[in-house]
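Right, one structure below, let's go through it.
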Amino acid sequence: MSYFRITLVRSAIGLPRRSTDVLKALGLKKLFHSVSPSVAGQIMKVKELVQVEECQYRLTKQEVHLERKPDPGYYTEKSCSEQRGELGGQ
Amino acid sequence: MFSRSALRSLASELRWTAPSTISSVAPLQQRACLHQSASLMSSQQPQSQSASSHPESPLSATPRAQDTQPTTYQGVRASSFDENTMTPQNRAHVPIAKQPVAPTFTSPLKLPHLAGQKPHYVVAQLHARPYLLTEGDHIRLPFLMPNVKAGDILRFNRASALGSRDFTMKGSPTIDERIYECRVRVTGVDAEPLRIKEKTKRRQRHVKQAKSKHRYTLMRVMDVRVKTPDELLAEGAVVVEDSEDSSVIEPRS
Numbered sequence: 151m152s153y154f155r156i157t158l159v160r161s162a163i164g165l166p167r168r169s170t171d172v173l174k175a176l177g178l179k180k181l182f183h184s185v186s187p188s189v190a191g192q193i194m195k196v197k198e199l200v201q202v203e204e205c206q207y208r209l210t211k212q213e214v215h216l217e218r219k220p221d222p223g224y225y226t227e228k229s230c231s232e233q234r235g236e237l238g239g240q
Numbered sequence: 010m011f012s013r014s015a016l017r018s019l020a021s022e023l024r025w026t027a028p029s030t031i032s033s034v035a036p037l038q039q040r041a042c043l044h045q046s047a048s049l050m051s052s053q054q055p056q057s058q059s060a061s062s063h064p065e066s067p068l069s070a071t072p073r074a075q076d077t078q079p080t081t082y083q084g085v086r087a088s089s090f091d092e093n094t095m096t097p098q099n100r101a102h103v104p105i106a107k108q109p110v111a112p113t114f115t116s117p118l119k120l121p122h123l124a125g126q127k128p129h130y131v132v133a134q135l136h137a138r139p140y141l142l143t144e145g146d147h148i149r150l151p152f153l154m155p156n157v158k159a160g161d162i163l164r165f166n167r168a169s170a171l172g173s174r175d176f177t178m179k180g181s182p183t184i185d186e187r188i189y190e191c192r193v194r195v196t197g198v199d200a201e202p203l204r205i206k207e208k209t210k211r212r213q214r215h216v217k218q219a220k221s222k223h224r225y226t227l228m229r230v231m232d233v234r235v236k237t238p239d240e241l242l243a244e245g246a247v248v249v250e251d252s253e254d255s256s257v258i259e260p261r262s
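So the protein lines, in turn, are chains A and B.
Residue numbering for the first sequence follows our numbering, starting at 151 and increasing by one per position.
Residue numbering for the second sequence follows our numbering, starting at 10 and increasing by one per position.
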């Protein structure tokens, strides 16, 4: 099962009512749509406004968030309890 | 008693004599870069021995995109949630998509020059925010770092730049963590003075007081060190001769 991952990259402000309605019908809060002729036609109507990728499964909201989240940039090399244990061993 | 200028000239002589002997050994057409994967190690072992006979040869690199991992959603799915939400303990816990790209060098390689010139600075990226650090610095982070206690030793493994007075190595966007060490000790927690903000609403006499008192993590930079090429080779880095007369270093993580 493959899905379209649709992202709105430009606004429909100032465009005909038709394209605004198509965007509303696509329901872009949903983000993932199964590949079907009706969805493909809707995408064609607003192809200038959206960015489409094809992917194999739906990512959860948390996974999408983790994609964007930057790396923390650090890791704990030695905790203070480990150091205390080393001192006690000596 | 030496004057300062005499000392400086002496130091500059020392600084320049050591790398010049290194750079004059071999021609500069060689290219090197650090691979992400350690799976090729066993096949590259004989080459490492041949390379260790002349490790002083200047190393330089081709710009190389991170072509080892295709950008599919498979990698995202493979890394489970507990790994992503907790603080990563070592390199294996960080998903490959978020690991730093292998460093790229232009010829001649300046790594011996950079490693020889102390003190070093590093621009460490914590949660994608840059912090310019040198050894001995005291930092107050603008947030309270979770799951750390005073006395913990942290390693910063995302650096966008690494340098000394005369040389800088820039990452794209980050430098491979295996060619430097940046250690930091957590010294405690700081708190700001209590702030009170009066919140009012229209036509109501009640005044609400909103209080806030943030806490911040304090740290001290223990060391910022750039590994020399010899050290990298001793740790298992391999100089690989490519077909197009270029060499590649593969560090072992």
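Quick reminder that beta carbons are idealized off the backbone N, C-alpha and C, glycines included.
Predicted model, so just to flag it, every value in this text is computed and none were measured.
Who are the Cβ neighbours of residue i in its own chain at under 7 Å, not counting the five residues just before and after it?
i	result
LEU141(B)	TYR130 and VAL132
GLY164(A)	none
THR209(B)	VAL216
GLU236(A)	none
GLN58(B)	Low confidence applies to GLN58(B): its pLDDT is 40, below 50, so where it sits in the model is not reliable, and the reading given next is rough at best. Here the set comprises nothing.
GLU207(B)	VAL216 and GLN218
PRO151(B)	TYR225
Are the CB atoms of residue i and residue j nearer to each other than 8 Å?
i	j	result
ARG229(B)	ARG194(B)	yes
ASP199(B)	ARG174(B)	no
LEU227(B)	ARG138(B)	no
CYS230(A)	GLY245(B)	no
THR226(A)	VAL157(B)	yes
LEU155(A)	GLU203(A)	According to the sequence displayed, residue 155(A) carries Arg and not Leu. In contact: ARG155(A) and GLU203(A) (Cβ atoms closer than 8 Å).
ARG212(B)	CYS191(B)	no
PRO222(A)	LEU135(B)	yes
DSSP beta-bridge partners for residue i?
i	result
CYS191(B)	VAL233(B)
PHE4(B)	Residue 4(B) cannot be examined here, being either before or after the span of chain B that is shown, 10 to 262.
HIS183(A)	PHE154(A)
ARG204(B)	SER221(B)
CYS205(A)	TYR153(A)
ASP199(B)	TYR225(B)
ARG138(B)	LEU135(B)
LEU171(B)	VAL131(B) and MET178(B)
ILE193(A)	DSSP output for ILE193(A) lists no bridge partner at all.
LEU209(B)	Checking the sequence shown, residue 209(B) turns out to be Thr, not Leu. According to DSSP, which records beta bridges pairwise, THR209(B) is partnered with VAL216(B).
ARG149(B)	LEU227(B)
THR210(A)	According to DSSP, THR210(A) bridges with nothing at all.
ILE184(B)	ALA168(B)
THR143(B)	TYR130(B)
VAL200(A)	LEU158(A)
Measuring CA to CA, which of the options is closest to residue i?
i	options	result
THR143(B)	PRO155(B), ALA168(B), LYS158(B) and PRO121(B)	ALA168(B)
VAL196(A)	CYS230(A), GLY239(A), GLU232(A) and GLY177(A)	GLY177(A)
SER181(B)	ARG187(B), ALA170(B) and CYS191(B)	ALA170(B)
SER184(A)	ARG208(A), GLY239(A) and VAL172(A)	ARG208(A)
ALA219(B)	ILE205(B), MET178(B), LEU123(B) and HIS136(B)	ILE205(B)
VAL172(A)	ASP221(A), MET151(A) and ALA190(A)	ALA190(A)
LEU181(A)	ARG234(A), LEU216(A), LYS211(A) and LEU199(A)	LYS211(A)
GLY197(B)	PRO128(B), MET154(B) and GLY145(B)	MET154(B)
GLU232(A)	GLU207(B), ILE162(B), ARG187(B) and PHE176(B)	ILE162(B)
LYS236(B)	GLU207(B), ILE184(B) and PRO151(B)	ILE184(B)
LYS127(B)	GLU201(B), LYS179(B) and TYR189(B)	TYR189(B)
Throw me the rounded Cβ distance for the residue i and residue j pair, which I believe falls under 8 Å.
i	j	result
LYS222(B)	LEU203(B)	5 Å
ASN166(B)	TYR224(A)	7 Å
ARG111(A)	GLU198(A)	Residue 111(A) falls outside the range modelled here, since chain A spans only 151 to 240, and no answer is possible.
Please list, in chain order, all residues of the same chain as residue i whose beta carbon is under 6 Å from its beta carbon, the five residues on each side excluded.
i	result
THR157(A)	GLN201
GLY172(B)	TYR130
SER89(B)	With a pLDDT of 44 at SER89(B), under the threshold of 50, the modelled position of that residue is not reliable, and no figure is offered here.
LEU49(B)	Low confidence applies to LEU49(B): its pLDDT is 40, below 50, so where it sits in the model is not reliable, and the reading given next is rough at best. Result list for LEU49(B): empty, nothing under 6 Å.
PRO166(A)	none
LYS179(B)	ALA170
GLU240(B)	none
PRO55(B)	Confidence in PRO55(B) is poor, its pLDDT being 42 and thus under 50, which makes the residue's placement unreliable; the coordinate value appears in the next sentence. Hits under 6 Å: none found.
Near residue i, which residues of its chain fall below 8 Å by C-beta distance, leaving aside the five closest residues on each side in sequence?
i	result
PRO28(B)	At PRO28(B) the pLDDT is 45, less than 50, meaning the model places this residue with poor confidence and gives no usable figure here.
GLN206(A)	MET151, SER152 and TYR153
ASP146(B)	ARG229 and VAL230
ALA162(A)	SER169, THR170, LEU173, VAL196 and LEU199
GLN192(A)	VAL172, ALA175 and LEU176
ASP232(B)	GLU144, GLU190, CYS191 and ARG192
Counting only C-beta atoms, is residue i closer than 8 Å to chain E at any point?
i	result
LYS211(A)	The chain labelled as chain E is not found among the protein chains of the depicted structure, namely A and B.
Using a Cβ-based criterion (distance less than 7 Å to any ligand heavy atom), does residue i qualify as near the ligand GDP?
i	result
GLY180(B)	Among the components modelled here there is no ligand, and therefore nothing to report on the ligand GDP.
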